[in-house]
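So the sequences go chain by chain: A and B. Residue 28 is where the first sequence starts when you use the working numbering, and the numbers rise one by one after that. Residue 982 is where the second sequence starts when you use the working numbering, and the numbers rise one by one after that. The beta-carbon is built from N, C-alpha and C at its ideal position, and this holds for glycine as well.
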Amino acid sequence: MAQKVLLTEKKVSIILRRLCHQLIERHGNFSNTVLVGLQPRGTLLLDQLLDLLKAKKIGPIKSGKLDTTFFRDDFRRSERPLNAKTTEMNEIVEGKDVVLIDDVLFTGRSIRSALTAIDTYGRPKSIELLVLVDRRFSRHLPIQPDYLGAQIDALQGDKVKVVWSEDPSQNIVYLEKNNE
Amino acid sequence: MKKLSVSHLLGIKYLQPEDLHLIFETATHFKEVINRPIKKVPSLRDITIANLFFENSTRTKLSFELAEKRLSADVINFSAGQSSVSKGETLVDTVNNILAMKVDMIVMRHPNPGAAHFLSKAVESCIINAGDGTHEHPSQALLDAFSLQEKFGSLQGKRIAIVGDILHSRVALSNIYALKMLGAEVKLCAPKSLLPKHIESLGVSTSTDLMQVLKWCDAANMLRVQNERMELSYFPSTREYSQNFGLNGARLKELRKEIVILHPGPINRGVEITSEVADSDQAIILDQVENGVAIRMAIIYLLGSQLNITAS
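Right under this line is the structure:
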């Protein structure tokens, strides 16, 4: 499987800082906001954003980690069994402005299941979507991000892989070509 | 990605340790779900489950029904008392008639040991055993072991006592299999007349001295005396049983250590356990009930994920 760099460490770092500023523009001091990272990989992006926002002395910011396995629409339809990950939602989202956070937006089905799952914690005032990478022209559902890192074009069988590092300046995004 | 090694839940005997760990892991997630403001997930919305109870049950039936509803399954209930069974219909005919109504999964309790096993061979459906006579009660054993694991972290090397009517108890047998599979040591304590012969061949030890067993154990599962299954007298009187094998506050104090106390319910207060003990902080009886829903959701979810979609 051939690997190509889509976003370099430097680009990812710039994008993360821009996303933070966009969030601040819209949410101010985050008093009515809950940032929700989607398991498994959206939570890693959430952690990095939280670190950056904390460094800007913004907060405290309410956040949570949401697993949407039990809300997916491919139960019994997927080749592989769907095993759940941990959900850590200590916030009731009733009346809150929720931002769903994921690394890659592809078909939109994970986001659809997240929209249903988040409802089990109350009725939010609004829900927005933040993604690092948007795979264009591959959506199965009418779902678009409100905050977007980068748009990329990739073939159906290709895989977009975000590698998160402990060091925030070392994150990188690859495209893995499916040669079959 | 993990899945169960079986397509029915007939007994703990047929499971692998990995199955138990997968069920527990999934149940942990469901326990979080049932503590949300909205306690329901849509996973099984296209699955219909029939609860067939050929024997009385309150807790298990409610727990299964709640688990099914929290998973959004359609549920139909059946009790033998008001059915054609009393008109002479066979078990296989009854179940095949129910399956003809496009039912995907059967949860069955039956007074005859092996009924669930027999049914799994006779009909085309996923069978969950909710207790078959004096044989097995796998979901109860799973929730007991899950509750203990929550308390202890791991059951490896832990000493668990099962006290009471071992002879007539399906909970005891399933518990023995589950606890041994998870690495615990198991000791049974009962009057000689209520201990099955050759039970040691399952790798457990036995005793008739309650105090000695309590001193040995980290947790004690107190079983009910199943008067409804007794055709003979197995001990002279309830009072004598309670004096020798009942758990009371004085006995617990004498131990000078804290042990965890379980009871599968229904409790005969004052017989196998006194109110003082049943309502104490050491008893995790109500945790068992809460975990029961999560465990049953996990069982149904995992078995449901293996159902062929064209079959429904």
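Sequence-distant residues of its chain with Cβ nearer than 6 angstroms to residue i (five each side left out)
{"i": "Tyr148 of chain A", "result": "Met116, Ile119, Val120"}
{"i": "Ala1097 of chain B", "result": "Leu991, Met1089, Ile1108, Asn1110, Asp1113"}
{"i": "Ala1292 of chain B", "result": "Unreliable positioning characterises Ala1292 of chain B in this predicted model, as indicated by a pLDDT of 43, which lies under 50. A coordinate reading is not provided."}
{"i": "Asn198 of chain A", "result": "Val39, Trp191, Ser192"}
{"i": "Leu1228 of chain B", "result": "Met1203, Ile1254, Val1258"}
{"i": "Ile1242 of chain B", "result": "Ala1201, Gln1263, Ala1264"}
{"i": "Gly86 of chain A", "result": "none"}
{"i": "Lys89 of chain A", "result": "Val61, Glu118"}
{"i": "Lys31 of chain A", "result": "Leu202"}
{"i": "His1091 of chain B", "result": "Phe1035, Asp1113"}
{"i": "Glu155 of chain A", "result": "Val126, Asp173"}
Residue-level contact to chain A via CB, residue i, 9 angstroms cutoff
{"i": "Lys1132 of chain B", "result": "no"}
{"i": "Ser986 of chain B", "result": "no"}
{"i": "Ile1019 of chain B", "result": "yes"}
{"i": "Gly1285 of chain B", "result": "yes"}
{"i": "Thr1029 of chain B", "result": "no"}
{"i": "Leu1136 of chain B", "result": "no"}
{"i": "Glu999 of chain B", "result": "no"}
{"i": "Thr1009 of chain B", "result": "yes"}
{"i": "Ser1101 of chain B", "result": "no"}
{"i": "Ser1106 of chain B", "result": "no"}
{"i": "Tyr1282 of chain B", "result": "yes"}
{"i": "Glu1006 of chain B", "result": "yes"}
{"i": "Val1014 of chain B", "result": "yes"}
{"i": "Leu1204 of chain B", "result": "no"}
{"i": "Leu1003 of chain B", "result": "yes"}
{"i": "Lys983 of chain B", "result": "yes"}
{"i": "Val1274 of chain B", "result": "no"}
{"i": "Leu1047 of chain B", "result": "no"}
Residues near residue i by beta carbon distance below 7 angstroms, same chain, minus five either side
{"i": "Gly1230 of chain B", "result": "Thr1255, Glu1257, Val1258"}
{"i": "Ile51 of chain A", "result": "Ile85"}
Residue i, enclosing alpha helix (DSSP H) - first and last residue
{"i": "Val1167 of chain B", "result": "Not the alpha helix (DSSP H): Val1167 of chain B falls in the beta strand (DSSP E), residues 1166-1170."}
{"i": "Ser1174 of chain B", "result": "It is not in any alpha helix (DSSP H) - Ser1174 of chain B carries neither H nor E in the DSSP assignment."}
{"i": "Leu80 of chain A", "result": "69-82"}
{"i": "Gly1273 of chain B", "result": "1266-1285"}
{"i": "Ser140 of chain A", "result": "136-145"}
Interface flag, residue i vs chain B, CB-CB below 9 angstroms
{"i": "Glu52 of chain A", "result": "no"}
{"i": "Asp146 of chain A", "result": "yes"}
{"i": "Arg139 of chain A", "result": "no"}
{"i": "Leu142 of chain A", "result": "no"}
{"i": "Thr70 of chain A", "result": "no"}
{"i": "Ile154 of chain A", "result": "no"}
{"i": "Lys112 of chain A", "result": "yes"}
{"i": "Asp94 of chain A", "result": "yes"}
{"i": "Gly86 of chain A", "result": "no"}
{"i": "Ile170 of chain A", "result": "no"}
{"i": "Pro108 of chain A", "result": "yes"}
{"i": "Glu193 of chain A", "result": "no"}
Integer-rounded CB distance, given that residue j should sit under 8 angstroms from residue i
{"i": "Leu1136 of chain B", "j": "Leu1163 of chain B", "result": "4 angstroms"}
{"i": "Phe1005 of chain B", "j": "Phe1099 of chain B", "result": "No, Phe1005 of chain B and Phe1099 of chain B are not in contact; Cβ-Cβ is about 29 angstroms, not under 8 angstroms."}
{"i": "Pro1247 of chain B", "j": "Arg1205 of chain B", "result": "7 angstroms"}
{"i": "Leu1284 of chain B", "j": "Leu985 of chain B", "result": "7 angstroms"}
{"i": "Pro1245 of chain B", "j": "Asp1074 of chain B", "result": "Not confirmed; about 32 angstroms, so no contact."}
{"i": "Leu79 of chain A", "j": "Leu159 of chain A", "result": "Contact flag wrong, Cβ pair sits at about 13 angstroms."}
Span of the beta strand (DSSP E) around residue i
{"i": "Tyr174 of chain A", "result": "174-179"}
{"i": "Arg1090 of chain B", "result": "1086-1091"}
{"i": "Ala29 of chain A", "result": "29-34"}
{"i": "Met1203 of chain B", "result": "1200-1203"}
{"i": "Glu203 of chain A", "result": "199-204"}
Next on the checklist: Does the contact criterion of 3 or more C-beta pairs under 8 angstroms hold for the region 1272-1281 of chain B versus the region 1167-1186 of chain B?
Outcome noted: no
Next on the checklist: Pairs of beta-carbons, one from the region 129-140 of chain A and one from the region 170-188 of chain A, closer than 8 angstroms: are there three or more?
Outcome noted: yes
Item to check | Any 3 or more C-beta pairs closer than 8 angstroms across the region 1023-1042 of chain B and the region 994-1008 of chain B | outcome: no
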